[in-house]
Amino acid sequence: MKKYFLLAAFATLSLTAVSCNNESAAVNTVESMKTPEMDNFSKAFKSLGDPQNRPTEEEKKRNTSELSDRRKALLVPASKALILSTGVTEAELTRKTNGDMSAIIVWATQIYSQKNNEIRNKVKAEN
Amino acid sequence: MAANLSTGSPVAYAAPNAPYGVYTVPEFVTDVEYKTLSTSGFSTLPIDTWYVTDPVYGGTHLFSDPVMDTVSSMVEWGIFHFIAKDSAGNGTDEFSMGEPAAGGVYYDVGTYSEAEWFTIGGVYTYLQVYDYP
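Chains as they are written, first to last, in our numbering: chain D, 1 to 127; chain R, 1001 to 1133.
Okay, structure coming up:
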């Protein structure tokens, strides 16, 4: 498998069907347990859908799935903040990523995913 | 769907997740991650079964079937074809997001929502759906 797959559906939109169960209550608890850094990371990804951040005609013509540098730059500050919130130092971050935007975002995505799982497990254990 | 996009085989399709008749993302479920086809049953939104088309590995396989390790190593994420629905359950927009080689597009705008598929660093593939405020 070359790539992990991440699915994010924002706001109240549901895909393919409407559930009749009480999922929202559990999810709200997960949402409320996210750290501010996790929230901001999620918001940064969501902001890619804001009118000014959508892909430009030039970017759409590139014939690659890789996110453009302009749009990656929108994710970097929140990614860095999330990494630093785990106790990693600025120096370590620079050394490990060489300032490469992709490396920073990928690292932050791994952290976000792991923290999400931890929160979900905690919520599950409590219910 | 995940596939070997160079050769066209194998292709793996996510099976329906009970109680739905098709593979369904319930509302409010976000941040779903699939690392491999052979671990998809452990995801927040599990994919328990894969339909695989291939001369050697074809068939209906549980994600935990050892054959899915092999299939997983041969494929990449190809396409996510879906219908977005409103809170009343009415279909609003239809999207085929993914690699052009699999019949997908990277970015698409619907009437009520938009969707995009992108990769970062060749490590993660992201599928995002935005609704219009």
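Even for Gly, the Cβ is constructed at its ideal location relative to N, Cα and C.
Strand pairing of residue i, partner residues [DSSP]
| i | result |
| --- | --- |
| Leu-7(D) | Val-1032(R) and Leu-1127(R) |
| Phe-1080(R) | Met-1097(R) |
| Val-1012(R) | The identity of residue 1012(R) in the sequence shown is Ala, whereas the question assumes Val. For Ala-1012(R), which the question treats as bridged, DSSP gives the partners Ala-1002(R) and Val-1052(R). |
| Tyr-1023(R) | Its beta-bridge partners do not exist; DSSP assigns none. |
| Tyr-1107(R) | Glu-1116(R) |
| Thr-94(D) | Thr-94(D) pairs with nothing; no bridge assigned. |
| Gly-1089(R) | For Gly-1089(R), which the question treats as bridged, DSSP gives no partner whatsoever. |
| Thr-1060(R) | Tyr-1051(R) |
| Glu-66(D) | Thr-1119(R) |
Spatially closest choice to residue i from the options, by CA coordinates
| i | options | result |
| --- | --- | --- |
| Tyr-1130(R) | Thr-29(D), Asn-53(D), Phe-5(D) and Met-38(D) | Asn-53(D) |
| Phe-1063(R) | Pro-1019(R), Ser-1072(R) and Ile-1079(R) | Ser-1072(R) |
| Gln-110(D) | Thr-94(D), Thr-86(D) and Lys-124(D) | Thr-86(D) |
| Val-1025(R) | Gly-1098(R), Val-1067(R), Pro-1066(R) and Ile-1083(R) | Ile-1083(R) |
| Asp-1069(R) | Pro-1046(R), Leu-1037(R) and Ile-1120(R) | Leu-1037(R) |
| Glu-66(D) | Thr-1111(R), Thr-1049(R), Ile-1120(R) and Val-1056(R) | Ile-1120(R) |
| Asn-121(D) | Pro-1016(R), Thr-1007(R), Ser-1006(R) and Thr-1044(R) | Thr-1044(R) |
| Pro-1046(R) | Pro-1019(R), Gly-1059(R) and Asp-1054(R) | Pro-1019(R) |
| Asn-63(D) | Ala-1115(R), Gly-1104(R), Tyr-1132(R) and Gly-1110(R) | Gly-1104(R) |
| Thr-1111(R) | Lys-1085(R), Trp-1050(R) and Pro-1066(R) | Lys-1085(R) |
| Ala-1102(R) | Glu-1076(R), Thr-1092(R), Asp-1108(R) and Gly-1122(R) | Glu-1076(R) |
| Asn-1017(R) | Trp-1050(R), Gly-1089(R), Val-1109(R) and Val-1056(R) | Trp-1050(R) |
| Gly-1122(R) | Ser-68(D), Asn-40(D), Thr-29(D) and Pro-36(D) | Ser-68(D) |
| Asp-1065(R) | Phe-1080(R), Val-1056(R) and Thr-1039(R) | Thr-1039(R) |
| Val-1109(R) | Thr-29(D), Glu-90(D) and Asp-50(D) | Asp-50(D) |
Outcome for residue i when other beta-carbon atoms lying within 10 angstroms are tallied against a minimum of 16
| i | result |
| --- | --- |
| Phe-1118(R) | buried |
| Gln-114(D) | exposed |
| Val-1011(R) | buried |
| Glu-1094(R) | exposed |
| Ser-1087(R) | exposed |
| Tyr-996(R) | This structure leaves residue 996(R) out entirely; chain R is present only between 1001 and 1133. |
| Val-1022(R) | exposed |
| Thr-94(D) | exposed |
| Ala-44(D) | buried |
| Ser-1113(R) | buried |
| Lys-96(D) | exposed |
| Lys-124(D) | exposed |
| Ser-42(D) | buried |
| Val-1029(R) | buried |
| Asn-116(D) | buried |
| Ala-1115(R) | buried |
| Tyr-1132(R) | exposed |
| Glu-1027(R) | buried |
| Glu-57(D) | exposed |
Distance CB(residue i)-CB(residue j) smaller than 7 Å
| i | j | result |
| --- | --- | --- |
| Val-1032(R) | Leu-7(D) | yes |
| Tyr-1106(R) | Tyr-4(D) | no |
| Val-76(D) | Met-38(D) | no |
| Ala-1002(R) | Gly-1078(R) | yes |
| Ile-105(D) | Ser-79(D) | yes |
| Asp-1054(R) | Ser-1006(R) | no |
| Arg-71(D) | Leu-48(D) | yes |
| Ala-103(D) | Leu-82(D) | no |
| Leu-1004(R) | Met-1074(R) | For clarity, residue 1004(R) is Asn in the given sequence; the question names Leu instead. Contact flag set, yes. |
| Asp-1048(R) | Gly-1041(R) | yes |
Closer than 7 Å at the beta carbon, the chain B residues around residue i
| i | result |
| --- | --- |
| Asp-1031(R) | As a matter of chain content, chain B is missing from the structure shown, whose protein chains are D and R. |
Distance cut-off 6 Å: residue i Cβ against heavy atoms of the ligand ADP
| i | result |
| --- | --- |
| Met-1068(R) | As for the ligand ADP, it is missing from this structure, which has no ligand bound. |
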